[in-house]
Amino acid sequence: KGIMMTGGGSLLHGLDERISQATKIPVNIAEEPVECVAIGTGKALDYLDDLDSTNYGS
């Protein structure tokens with residue numbers, strides 16, 4: 044439970060601790076934060092045609 048940080052910004056030294064202190068919520072950094080963003084984006088693109096453009100823009 045808590046906040047899962049991903050992406051390059053999650054690698055900034057101490058950012059996870061600062062967010063945890065400010066929000067009082069546990070913060071975890073993904074095992075492979077940069078790679079998981081790329082993998083997730085690739086999976087989302089598989090469903091791009093299924094998105095309703097009236098809800099998500101054109």
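For the working numbering, add 43 to where a residue sits in the sequence shown, where the first one is 1. From the three backbone atoms N, C-alpha and C, an ideal C-beta is built for every residue, glycine too.
Quick one: give me the first and last residue of the alpha helix (DSSP H) that I62 is part of. As a position in the sequence shown, residue 62 is number 19, starting the count at 1. Element bounds for I62: 58 to 66.
Ordered along the chain, which non-local residues of its own chain (more than five positions away) have a Cβ less than 7 angstroms from that of C79? Numbered from its first residue, the sequence shown carries residue 79 at position 36. Here the set comprises T49, A73.
Have a look at L94 and L88 and give me their C-alpha separation to the nearest angstrom. Counted from its first residue, the sequence shown places residue 94 at position 51. Counted from its first residue, the sequence shown places residue 88 at position 45. When only Cα atoms are considered, L94 and L88 end up about 10 angstroms apart.
For A73, the first and last residue of its enclosing alpha helix (DSSP H): The residue given as residue 73 occupies position 30 in the sequence shown. Premise fails: A73 is in no alpha helix (DSSP H) and is neither H nor E.
Between which residues of its own chain and L58 is the CB-CB distance below 8 angstroms, once the five residues before and five after are set aside? To locate residue 58, count along the sequence shown from 1; it is residue 15. Within the same chain, Cβ atoms closer than 8 angstroms to the Cβ of L58 are found at M48, G52, the five residues on either side in sequence being excluded.
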